[in-house]
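Single-structure report; data block below.
Numbering (full-length UniProt numbering), first residue to last: 1 to 188.
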């Protein structure tokens, strides 16, 4: 499937017309494809001296132990929009509530073969910024069961990390975001 056909799905698209089953895996039917949806939110600290994003490190008790990723996760059947899913995931995993969405990263799709067949995932990644004056720093925390460390990183930090420190396409997406931000800053 050509993911460009999904560009009409945005933060505020009503998801109820795409839902087909609650279990297993909160399946949705998008553009003729049965799939699971995932949201990631790359949070930028615009007020830091160097552009920084927030990453979470998965705990030893969770899948992909030790891997770094932006806040995010699976879209649930009860999420009315991708915005609602993204806000729920960021608030649950970090405690941050004072963030504003400002852009979208190109949609990614992948299949993972399972014993029961092929499972398709569609990943929506959104860019958000935090307001340095909103007091979110005091409330930032990790969802203990899933992540053990939350860390602000620069592009230089990312380039100094091993590729294996990231799961799936997170490294590629994060580098795309840094390139996007650098280009936007250079154009202004």
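Note that CB positions come from ideal geometry on N, CA and C, so glycine has one too.
Quick one: what does DSSP say residue i is sitting in, helix, strand or coil?
i           : result
residue 160 : coil
residue 27  : strand
residue 130 : strand
residue 63  : coil
residue 21  : strand
residue 43  : strand
residue 90  : helix
Going by DSSP, name the residue or residues bridged to residue i.
i           : result
residue 76  : Note: residue 76 sits in no beta bridge, so no partner.
residue 147 : 58
residue 38  : 74 and 123
residue 103 : 127
Are the CB atoms of residue j and residue i within a distance shorter than 7 Å?
i           : j           : result
residue 42  : residue 29  : no
residue 93  : residue 71  : yes
residue 157 : residue 127 : no
residue 60  : residue 75  : no
residue 154 : residue 50  : yes
residue 64  : residue 167 : yes
How many Å lie between residue i and residue j at the Cα?
i           : j          : result
residue 53  : residue 34 : 32 Å
residue 198 : residue 58 : Lying outside 1 to 188, the shown extent of the chain, residue 198 is not represented and no answer is given.
residue 163 : residue 67 : 10 Å
residue 159 : residue 16 : 40 Å
residue 171 : residue 77 : 28 Å
Within a Cβ cutoff of 6 Å, which residues of the same chain sit near residue i, ignoring the five residues on either side of it in sequence?
i           : result
residue 191 : Examination of residue 191 is not possible in this model, given that the chain is present from 1 through 188 alone.
residue 40  : 70, 72 and 125
residue 44  : 53 and 129
Going along the chain, which residues of its own chain have a beta-carbon closer than 8 Å to the beta-carbon of residue i, five neighbours each way excluded?
i           : result
residue 11  : 81, 82, 83, 86, 101, 104 and 126
residue 91  : 97
residue 147 : 56, 57, 58, 59, 62 and 93
Skipping 5 residues on each side, what residues in its chain have a beta carbon closer than 7 Å to that of residue i?
i          : result
residue 18 : 28, 29 and 30
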